[in-house]
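Numbering (mature numbering (1 follows the signal peptide of the UniProt record, and there is no 0)), first residue to last: -27 to -1, 1 to 390.
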């Protein structure tokens, strides 16, 4: 992401360091700056096209989010419906369990009655066997009088009715027992069906919840990506605005410098009595590069265990001063997740563009757009960002910084450490 944010920034800064004071302006003319401004306008047009394209993508994303929100509302309604169904099934299961409990209690009572009646019938059968299987006709014929006969008839009828009633009740109870057992089996089968429905409902609910989680995760991912992209575009716009103002100021200052040089030349000509003209003095240069900080090198440029190291690490203590290695313009001064507090400075020396990077600072004392002089304090050494200890990570690029860092060189080729 850092490279994406900075590629445009560095591209826009090409040539902007040929400005602002004599110690920084080397050989840039107004025509050169105008040429660079035109190049900048072309890049501005390209950036605007990217912004328009990004705006369309943002609108598309908003539409997608609206559609996903509608899907989520529908899914919420389905989940609510499934939850209500789940509650209803639970209530039905509780009711069926109570009915089964009642049936089981009733069956238990019937079985107890049948058991007692079986015992009674067995006792009567044993009594009849012991009495020689008494015949009801002999009982009636043995009456001593009509009154005795009537009494015996009544007794025999009562006994027969009692036996018949016992047998009928026995039959009814057996039938009721079988019916209740069948009903119980049916109720249990219904319970199993309801349980199956419950499990199916649970599975459906869990699936819907998983779908909702996926949608939410997708929305979050898209939101983060778009938000990051949008912030990147805003940052590019800000970089462009800063650099556009800087190049305009550079043209104004260069015109002023040339006007002052012309006046000085006229004064010299007048003082010498008009005898010829002398060439304007060359702009003062601040030299090439100096050490950005004190301390020994703890990690050099090139390959190392974690991959290629595109700069050098200079050890020291927290708070050690860090200086601009050469005069230039600060085009980035911010906090990066990888670099921590970092300052990017672009330099234009003898017609060549250089970029220097100062990373993992504990603090920064310069802002974007600031013009700095060689040896100027720009921050303090620290261990911010992806850093395992206090040090300055220093990079030198011959040309513009880019994502691939293809222009990175070993600073020790230009600076004596």
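Heads up, the beta-carbon is just placed ideally off N, CA and C, and yes, glycines get one too.
Residue 363 beta carbon less than 8 angstroms from that of residue 289: Taking a C-beta distance under 8 angstroms as the contact criterion, residue 289 and residue 363 qualify as a contact pair.
Nonlocal neighbours in the same chain, by C-beta distance under 8 angstroms from residue 66, ignoring five residues either side: 164, 167, 168, 171
Close beta carbons around residue 195, own chain, < 8 angstroms, minus the five adjacent residues each side: 34, 37, 38
Helix, strand or coil at residue 314 [DSSP, three-state]: strand
Burial state of residue 327 (16 or more Cβ within 10 Å): buried
Residue 331, enclosing beta strand (DSSP E) - first and last residue: 325 to 337
Beta-ladder partner(s) of residue 354, from DSSP: DSSP lists 334 as partners of residue 354.
First through last residue of the beta strand (DSSP E) which encompasses residue 294: 294 to 296
Delimiting residues of the beta strand (DSSP E) encompassing residue 367: Looking at the DSSP string, the run of the beta strand (DSSP E) that includes residue 367 is 364 to 371.
Proximity of residue 293 and residue 271 at Cβ, strictly below 8 angstroms: no
Sequence-distant residues of the same chain with beta carbon closer than 8 angstroms to residue 252, five excluded per side: For residue 252, the predicted structure reports a pLDDT of 35, less than 50, and the residue's modelled location is therefore unreliable. A value from the coordinates is still provided. Within the same chain, residue 252 has no close Cβ partners at all.
Between the CA atoms of residue 309 and residue 41 - distance to the nearest angstrom: 33 angstroms
CB-CB length for residue 83 against residue 155, believed under 8 angstroms: Incorrect: roughly 13 angstroms between the Cβ atoms, too far for contact.
Between the CA atoms of residue 298 and residue 259 - distance to the nearest angstrom: Reliability of the predicted coordinates at residue 259 is poor, the pLDDT of 39 falling under 50, and the value obtained from them is presented with this limitation in mind. Cα to Cα, the separation comes out at about 10 angstroms.
Assigned exposure category for residue 350 - 16 Cβ within 10 Å defines buried: exposed
Where residue 367 falls, given that 16 or more other Cβ within 10 Å makes a residue buried: buried
Length of the line joining the Cα atoms of residue 360 and residue 353: 15 angstroms
Residue 175: CB within 7 angstroms of a non-hydrogen atom of the ligand NAD: The ligand NAD is absent from the structure shown, which contains no ligand whatsoever.
One or two residues paired with residue 278 in a DSSP bridge: DSSP, once it has assigned bridges, lists no residue as partnering residue 278.
Selected residue, minimal CA-CA separation from residue 89, among 142, 73, 51: 142
DSSP three-state assignment for residue 288, whether helix, strand or coil: strand
Buried or exposed by the 16-neighbour rule on C-beta atoms within 10 Å, applied to residue 231: exposed
Residue 406 - containing beta strand (DSSP E), residue span: Residue numbering for the chain in the displayed model covers -27 to 390; residue 406 lies beyond these limits and cannot be assessed.
Endpoints, the beta strand (DSSP E) within which residue 342 is located: Careful: residue 342 lies outside any beta strand (DSSP E) and carries neither H nor E.
Burial state of residue 60 (16 or more Cβ within 10 Å): exposed
Where residue 320 sits in the DSSP three-state scheme: strand
Where residue 202 sits in the DSSP three-state scheme: helix
Buried versus exposed, by CB contacts within 10 Å (16 or more), residue 373: buried
CB contact flag (residue 315, residue 307, <8 angstroms): yes
Length of the line joining the Cα atoms of residue 371 and residue 14: 24 angstroms
Inter-stretch contact at 8 angstroms, needing at least 3 Cβ pairs: the segment 15 to 28 / the segment 199 to 209: With a cut-off of 8 angstroms, the segment 199 to 209 and the segment 15 to 28 count as touching, because enough Cβ pairs lie within range.
The beta strand (DSSP E) enclosing residue 305, as first and last residue numbers: 301 to 309
Helix, strand or coil at residue 377 according to DSSP, with G and I counted as helix: For residue 377, the three-state secondary structure derived from DSSP is coil.
Beta-bridge partners of residue 20, as assigned by DSSP: None, per the DSSP bridge assignment.
Distance, residue 331 Cα to residue 17 Cα: 27 angstroms
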